[in-house]
Amino acid sequence: MAEAGQAAVRATRPPVLEIEGLKKHFPIKKGFLRRTHGHVLAVDGVSFTIGEGEALGLVGESGCGKSTVGRAILRLIEPTDGVIRIGGEDIRELSKRELKPFRRQMQIIFQDPYSSLNPRMSAGDIVGEPLSTHGIASGRKREEIVAKLFDRVGLSRAQMANFPHQFSGGQRQRIGIARALALNPKLIICDEPVSALDVSIQAQVINLLMDLQRDLGLSYLFISHNLSVVEHISQRIAVMYLGRIVEYADKTTIFTNPGHPYTEALLSAVPVPDPKIKRSKIVLQGDVPSPVKPPSGCHFHTRCPYAVDRCRSETPLLREIAPRQFVACHLR
Amino acid sequence: MSHSRALQAKPSAAAGGQAKPIDSIAGIAVADPLLTVADLKTYFFTRNGTAKAVDGVSFAIARGETLAIVGESGCGKSMTALSLMRLVADPPGRIVDGEVVLDGVDLLKLPEDEMRAMRGRDISMIFQEPMTSLNPVMTIGRQIGEVLTMHKTMPRDELQKKVVEMLALVRIPEPAQRAKEYPHQLSGGMRQRAMIAMALACSPKVLLADEPTTALDVTIQAQILELIADLQRKLGTAVVLITHDLGVVAEMAQRVIVMYAGRKVEEASAEDLFAGPLHPYTQGLMASIPRLGLMRGESAKTERLQEIPGIVPALYSLPQGCVFAPRCPRADDKCRSEFPPYEEKHSRHWAACWHAGEGKERAHG
Chain A
1 MAEAGQAAVR ATRPPVLEIE GLKKHFPIKK GFLRRTHGHV LAVDGVSFTI
51 GEGEALGLVG ESGCGKSTVG RAILRLIEPT DGVIRIGGED IRELSKRELK
101 PFRRQMQIIF QDPYSSLNPR MSAGDIVGEP LSTHGIASGR KREEIVAKLF
151 DRVGLSRAQM ANFPHQFSGG QRQRIGIARA LALNPKLIIC DEPVSALDVS
201 IQAQVINLLM DLQRDLGLSY LFISHNLSVV EHISQRIAVM YLGRIVEYAD
251 KTTIFTNPGH PYTEALLSAV PVPDPKIKRS KIVLQGDVPS PVKPPSGCHF
301 HTRCPYAVDR CRSETPLLRE IAPRQFVACH LR
Chain B
1 MSHSRALQAK PSAAAGGQAK PIDSIAGIAV ADPLLTVADL KTYFFTRNGT
51 AKAVDGVSFA IARGETLAIV GESGCGKSMT ALSLMRLVAD PPGRIVDGEV
101 VLDGVDLLKL PEDEMRAMRG RDISMIFQEP MTSLNPVMTI GRQIGEVLTM
151 HKTMPRDELQ KKVVEMLALV RIPEPAQRAK EYPHQLSGGM RQRAMIAMAL
201 ACSPKVLLAD EPTTALDVTI QAQILELIAD LQRKLGTAVV LITHDLGVVA
251 EMAQRVIVMY AGRKVEEASA EDLFAGPLHP YTQGLMASIP RLGLMRGESA
301 KTERLQEIPG IVPALYSLPQ GCVFAPRCPR ADDKCRSEFP PYEEKHSRHW
351 AACWHAGEGK ERAHG
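As they're listed, the protein sequences go chains A and B.
Residues in the first sequence are numbered from 1 upward in steps of one, following the working numbering.
Residues in the second sequence are numbered from 1 upward in steps of one, following the working numbering.
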């Protein structure tokens, strides 16, 4: 899979992040002796690249491993295997201290703006903390940088002394974005940044993220289950199912000519806000199987309307079925 | 059916047997309405003041129809549904005014024991999070059976048969086996199916679905929506669908009510509403959602989404005049001082706005 994924990893612009064959297997421990009784194959060989100033959308349903990918890249959880290259250097085996300079280059924004901010710290301290941690600025200078960040994300400087509970959901997400920007990162991993927000607030945050990308040349790994948001913000899209990427292409290709049956079903399941459009839907039967015992062969065969015998026994590799469109399916 | 007839004959069931028809509610009139809600007001009395969670909402719904109530968090859409079920926590909440007439019976005037007899049999509700609304220490089968035995007595084996039948109706595989399982043994989609089975066990006339698919993945959402629509066709249930997702509205509803800060601001058929929203809030909502345009052959463009500035006001301190005025691009002095009347702006298209339909009437697509 990693070998086949190689070709797919070429981004158009010089890469900020390259990952190859990334794996994260969580052990399942049971009993008095906490013996390992198997593994949850949360991420099972994922490869992709993100170029400078590019946004890659990572989509999939709950439990497909998309958030685990985001966290494993930052080494917030330790990956089991694979290569994570930041600016050409593999960071997977680095020690905590060696990792620190790389941490400055990549930051994360979380889904829930309620639980990701320390309720006992003022908004200004939350945003300024990374500056102190990395020894970049302190005192008056730090204050100044934080004030500029507040301007940048559309919060008023007067709110720096306020505590998280005094902000609305959208404003809290802005604090999270300001914190991520504090270290001038090249890459921001956005883990469902707008899923917890109301529709009218979603638009404000999406616009802010796109403005920042344009002005600062940021790259995003945009993790979301919301295909409309991903279409709006990213240039290329990777679709995940049970720990693996099943399709990887630029967004126009994915949305106009999906190659994998799962992508096809996912797209057709999204309700379209226009009553005049009556589409014939592909309604998948059943639920996503457990990643503890994923189905043999192609993980998707249990729900796939086109599955044949080969799908049940042989794992399909990501192949380029059209220029710059990679699909893991035997039938293509 | 026979039960409700009996109930109508009771003196409590509104004045004079055949309940007085509500002749004019502010909203689209429905021929032969099954459920009519008139000027419903649910307030919450707290230390911080009175929150008008539902403030004068009226609508009617016919048999077999799907009416969607859309709005953002805190707009009062769920409170409207809970008020119809008379499940508002009292204190602090109270239904202070209004009528909810179901098939000739004003639910708000019923004594509690008669209301309890109506719930589940005539009107029932499904909730957003099936895990927290199912009893974790009772099997699915017993929970569905409980609804049935609440309303009629039946022999045990017949009850068991009926439960399995219901589970099969909502397309749960191996229904006899699943009936013996507990909620935690089922997946999210499966639990929502069990909830639907429970809600429909007594074939109610009205089903209130409060964000039935919000907690589910898109492929499971598609399954559940299809199921609800299918059962509705089979059983002729009227569905009040409460959601914040305009996509779900467009796929499911014939008619739509848009709520903002406890009030209904617009009502129209789904087609009219999506083709030409009149209220600036509805227009803003529609312009603020990213759309899957590429799928419909539109070229890739990265235009900014339209924002609705500001945030939803706190219900304790609603602004004078139109509640949307502080966020509205068209607001003028009149909007800030006087709440606009709820009027039929076009045929069967109502809105509460002094400047309805002005500016760009955004026909999207």
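Where is the CB? At the ideal position from N, CA and C, for every residue including glycine.
The C-beta of Ser288 of chain B has 16 or more other C-beta atoms within 10 Å across all chains shown, which makes the residue buried. For Ile308 of chain B, the chain A residues whose Cβ falls inside 9 Å of its Cβ are Val199, Ser200, Ile201, Ala203, Gln204, in order along the chain. Contact with chain B is absent for Asn184 of chain A, since none of that chain's Cβ atoms lies less than 8 Å from the residue's Cβ. Interface annotation, Arg304 of chain B: in contact with chain A, CB-CB separation under 8 Å. Apart from sequence neighbours up to five positions away, the residues of its chain that approach Glu52 of chain A with a beta-carbon distance below 7 Å are Arg13, Pro14, Val16, Gly217, Ser219, ordered along the chain. The DSSP-derived three-state label of Gly98 of chain B is strand. Residue pairing from DSSP places Val105 of chain B in a beta bridge opposite B:Leu102. According to the DSSP assignment, Tyr262 of chain A belongs to the alpha helix (DSSP H) that extends over 261-269. Taking a C-beta cut-off of 8 Å against chain B, the contacting residues of the segment 59-76 of chain A are Glu61, Ser62, listed in chain order.
If you draw a 10 Å sphere on the C-beta of Ala356 of chain B, you find 16 or more other C-beta atoms in it, and that means buried. By a beta-carbon distance limit of 8 Å, Cys202 of chain B does not contact Arg142 of chain B. Their separation comes to about 16 Å. Counting other Cβ atoms within 10 Å of its Cβ, Pro27 of chain A stays below 16 and is therefore classed as exposed. Spatial neighbours of Met125 of chain B in its own chain (CB-CB distance under 7 Å, excluding positions within 5 residues in sequence) are listed in chain order as Ala81, Met85, Ala199, Leu208, Asp210. Distance from the CA atom of Arg120 of chain A to the CA atom of Asn162 of chain A, rounded to whole angstroms, is 10 Å. Contact check for Ala325 of chain B and Arg263 of chain B: beta-carbon distance about 13 Å, past the 8 Å limit, so the pair fails to qualify.
Scanning chain A for C-beta atoms nearer than 7 Å to the C-beta of Ser187 of chain B yields Asp287, reported in chain order. Against chain B, the CB of His232 of chain A has a partner CB under 8 Å away; the residue lies at that interface. Residue-level contact check: Ala51 of chain B does not touch chain A, since none of the beta carbons of chain A fall below 8 Å from its beta carbon.
In the DSSP annotation of this structure, the continuous segment of the beta strand (DSSP E) that includes Lys345 of chain B starts and ends at 343-346.
According to the DSSP assignment, Cys328 of chain B belongs to no alpha helix (DSSP H), since it is labelled neither H nor E. Pro258 of chain A has no beta-bridge partner at all, per DSSP. Every alpha helix (DSSP H) of 4 residues or more that sits fully in the segment 13-95 of chain A is shown, in chain order, as 66-73. Under the DSSP definition of a beta bridge, Cys190 of chain A partners with A:Ile109, A:Phe222. Interface annotation, Pro273 of chain A: in contact with chain B, CB-CB separation under 8 Å. Given a length threshold of 3 residues, each whole run of the beta strand (DSSP E) inside the segment 101-189 of chain B is given here in chain order: 123-126.
Rounded to whole angstroms, the separation of the alpha carbons of Ala270 of chain B and Thr243 of chain B is 14 Å.
Boundaries around Asp151 of chain A are those of the alpha helix (DSSP H), 139-152, since no beta strand (DSSP E) includes it. Burial is judged here by how many other beta carbons sit within 10 angstroms of a residue's own beta carbon; Ala68 of chain B has at least 16 and is buried. Taking 8 Å as the CB threshold, His225 of chain A lines the interface with chain B. Around Val283 of chain A, the beta-carbon contacts reaching into chain B at under 8 Å are Thr219, Ala222, Gln223, Glu226. Annotation for Gln173 of chain A: the continuous alpha helix (DSSP H) segment containing it runs 169-181. Counting along the chain, the unbroken beta strand (DSSP E) around Lys52 of chain B starts and ends at 49-62.
The beta carbon of Phe300 of chain A does not come within 8 Å of any beta carbon belonging to chain B, so the residue lies off that interface.
Val312 of chain B places its beta carbon less than 8 Å from that of Glu72 of chain B.
Judged by beta-carbon spacing, Leu34 of chain B lies within the 8 Å limit of Val206 of chain B, meaning their Cβ atoms are closer than that value. Contact annotation: Leu167 of chain B and Ala197 of chain B have beta-carbon atoms nearer than 8 Å.
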